[in-house]
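Here my numbering is used: the first residue of the sequence shown is -2, the next is one more, and so on. A virtual CB, placed ideally from N, CA and C, is assigned to each residue, including glycine. Only one structure is covered here, and it is reproduced in the block below.
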Amino acid sequence: NPEEERSPGFMLPLGIMSTKMVLRGETLELECIAEGLPTPAILWQKDGGRLPSGRTGFHNFNKTLKISDVNEDDAGDYRCTATNKLGSEQHIIKVTVKAAPFWISAPRNLILAPNETGILTCRVSGKPKPKINWFVNGRPIEDAYEDNGPKIEEDTVILTNVQSGSSAVYQCNASNEFGYLMANAFVSVLAEPPRVLTLPNQVYRVIMNNPVLLHCASFGSPIPTITWFKDDQTNIKNGDPYVIHENGTLEIIVAQPLHSGKYTCTATNNLGFKENHVFLEVKEPTRILTQPKYILVQRGMSALFECKVKHDNTLVPTMTWLKDNGELPDDQRFEVGDESLIIRDVTDDDAGTYTCIINTILDQDSASAMLTVVEATPTPTIVLEKPDSPTDLELTDQMERSVQLTWIPGDENNSPIQKFLIEYMDLLHQPGVWVNLTEVAGTSTTAQLQLSPYVYYTFRVRAQNEVGYSDPSDPSAQYRTNPSAPDENPTNVKGAGTEPGNLVISWRPLTGFQSNGPGLEYKVQWRQKDVEDDWTSKNVVNVSQLIVSGTPTYVPYEIKVQAFNDYGNGPEPAVVIGFSGEDLPLSAPDNVQVTVPNSKLAKVQWEPVSNPSVRGELKGYRV
């Protein structure tokens, strides 16, 4: 009946505004009960914000709003609106959130050495703000000390110049009208020389390129300072590749073979010194080099899966074969070898996925391949093709002048691989140019490469069978060798004059690859043979000859040319003999005589000129 319809009105709470207090962590429950016809719909809102998702629930046809686990952000004005077709009515509930004391950080136990300073903090929050009281061994801190007591700054106690025998239990009490908190902190005043708690001579083992933690747990008062050494001499600093943690643990972020060795940690304070030794062994990763390949086999024939493995020679690998992720059938037709699985007299039930798993105590690798069984068919024609490219190039055993390159061969495509060609590019001196480095047999998957200093190497590998070479593999990671002094000197050193009074010293210069480092120069030395004792020298750069002026005419000189760079000198050079420039002879032969034995013959004789008068290499006499 239209005369009975009424606009909304609130039965509870009364009026347009009410208040509600709730404690932090409890559940806030607000209720709005409205009357009217039609029955009003209730809508809840928070002024200036949203109702918290995940903690908000509506009950009793939206009449009740519940917010669980209340925090300070939930305080504010909550508006409930009752609406029907005749209008709407609103009521605001002002919610305040109070809190019993709760911890931000409780005081922690302290171990102090005599004369040290320690700080205890008792960080709490609550609403109203809690009051903090300190106690020592159960007595108020103000009563426990007559003079020279600790300094108190609200939530902090500062203990200065502590003395032996002053160990105590400090208590923090934080309270407001809604509750209190109490926490104990033990302050021990000790004078203890360092002790290393980590067991001595522990051996840590890790797979290359993984992180490793070397521990040095210690105790002492004052707190000991931890220092690490490698191989009894190298003082390890905090920085790549090492991280020294606050608790004394040494972390090697990416372990490499060169990090293997003996590590010593020392714990030091003003009362003494203690050391401990541990050992690190960085192992080569376990890898499957030749993975099992997909096999299509005729029923009744044999199937061979190969699984060739490379592993660190100090680790003992264990190989396991699975079929469809379960154990192999208990059947004598399945023969497990060191690096293979043979299935004889294959049946239809043998089809499936076969997995080779290689395990060591530190790591594992696995690879799978499918076996498909078919009816016998005529023998297909075999097509020979060049091999596929090798993959997964990896550099290990990284040394100053050598590195080990490992790869996984590609498919040989019905023609056995005869050899692998290893090429390198020098990104520093000849970027873009690939140079042949070495060859290894087709059965190998590793090569030990001899390197030169000051080269930015990257490597690639080609496989060769009787058809030809494969396409090159993807390049390896870059490997930079450190600079060093030159290993060799210029070749083809010569000395010869081009005119009277000079000596031209020439040589074949070193290539950038041979330079071994930046700042390549040549030290050119010369002295007159059997006349001068001291060498004259001059350093030159980017040239292949030096002209010496003011030399006597055609005399022998001892000459040597030595290479050097920013990292030192090359080997002692060999001495070469050269001659300064020639000049015209000073005199003609004397005592020329002619005799005529007959009408067809004349004999001419003379005395040879002296060697000094020739002033050059005597080529002969013109008659």
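What residue range does the beta strand (DSSP E) around PRO609 cover? Segment 608 to 611 is the alpha helix (DSSP H) holding PRO609; no beta strand (DSSP E) there.
Tell me the residue span of the beta strand (DSSP E) that contains ILE414. Segment: none, ILE414 is in no beta strand (DSSP E) and carries neither H nor E.
In chain order, what residues of the same chain lie with their CB nearer than 8 Å to the CB of PRO137, ignoring the 5 residues before and after it? ASN130 and TRP131
Going by the CB atoms, is the gap between LYS271 and ASP229 shorter than 8 Å? no
With DSSP as the reference, label GLU332 as helix, strand or coil. In the three-state reduction of the DSSP assignment, GLU332 falls in the strand class, which pools E and B.
According to DSSP, residues forming a beta bridge with GLY258: Its beta-bridge partners are LEU277.
Thinking just about the alpha-carbon of each residue, which of HIS308, THR443, CYS304 and THR388 is nearest to the one in THR352? CYS304
Taking ALA295 as the reference, which of ASP237, ALA373, VAL611 and LEU247 has the closest Cα? For clarity, residue 295 is Gln in the given sequence; the question names Ala instead. Minimum Cα distance to GLN295 is reached at ALA373.
Per-residue DSSP class, three states only, for ASP530: Correct three-state label for ASP530: coil.
If you draw a straight line from the C-alpha of GLY429 to the C-alpha of LEU581, how long is it? Computed Cα separation, rounded: 54 Å.
When burial is assigned at 16 or more other CB atoms within 10 Å of the CB, is GLY84 buried or exposed? exposed
Nearest-angstrom Cα distance between PRO384 and TYR476? If you draw a straight line from the Cα of PRO384 to the Cα of TYR476, it is about 27 Å long.
Would the segment 90 to 103 and the segment 15 to 22 be scored as touching if the rule is three or more Cβ pairs under 8 Å? Judged by Cβ distances under 8 Å, the segment 90 to 103 makes contact with the segment 15 to 22, as three or more pairs qualify.
Looking at C-alpha atoms only, which residue of GLU436, LEU517 and GLU463 is the closest neighbour of PRO487? PRO487 has its Cα closest to that of LEU517, out of GLU436, LEU517 and GLU463.
Neighbourhood of THR311 by C-beta distance below 8 Å, restricted to the same chain and skipping five residues each side: Closer than 8 Å at Cβ, skipping near neighbours: GLU278 and LYS280.
Look at the alpha carbon of ASP70 and the alpha carbon of LEU319, and state the distance between them as a whole number of angstroms. 58 Å
Taking a contact to mean a Cβ-Cβ separation below 8 Å, would you say THR403 touches SER470 in this structure? no
Using CA atoms only, rank isn't needed, just tell me which of ILE419, SER467 and GLN461 is closest to ALA444. ILE419
Would you mind listing the beta strand (DSSP E) stretches within the segment 180 to 249 that are 3+ residues and don't spill past its ends, in chain order? 189 to 193, 199 to 204, 209 to 211, 215 to 218, 222 to 227, 239 to 241 and 247 to 249
Beta-carbon spacing of ALA460, SER467 below 8 Å: Going by C-beta atoms, ALA460 is nearer than 8 Å to SER467.
Considering only their Cβ atoms, is the gap separating ASN462 from ALA482 smaller than 8 Å? Going by C-beta atoms, ALA482 is not nearer than 8 Å to ASN462.
Please identify the residue among LYS290, VAL573 and ARG457 whose C-alpha is closest to the C-alpha of LEU390. Taking the Cα of LEU390 as reference, the smallest distance to any Cα among LYS290, VAL573 and ARG457 is reached at ARG457.
Cβ neighbours of SER412 in the same chain (closer than 6 Å, five flanking residues each side left out): LEU381, ASN462, GLU463 and VAL464
Start-to-end residues for the alpha helix (DSSP H) that takes in ILE358: Here ILE358 belongs to no alpha helix (DSSP H), and DSSP marks it neither H nor E.
What are the boundary residues of the alpha helix (DSSP H) that GLU139 is part of? 138 to 141
Short check: CB of GLU174 to CB of PRO104, under 8 Å? no
Contact check, PRO197 vs ASN273 under 8 Å by CB: the rounded distance? Between PRO197 and ASN273, the beta carbon gap of about 5 Å places them in contact (Cβ cut-off 8 Å).
Which of the three DSSP states is assigned to ASP622 in this structure? Absent from the model: residue 622. The displayed extent of the chain is -2 to 620, so no value can be given.
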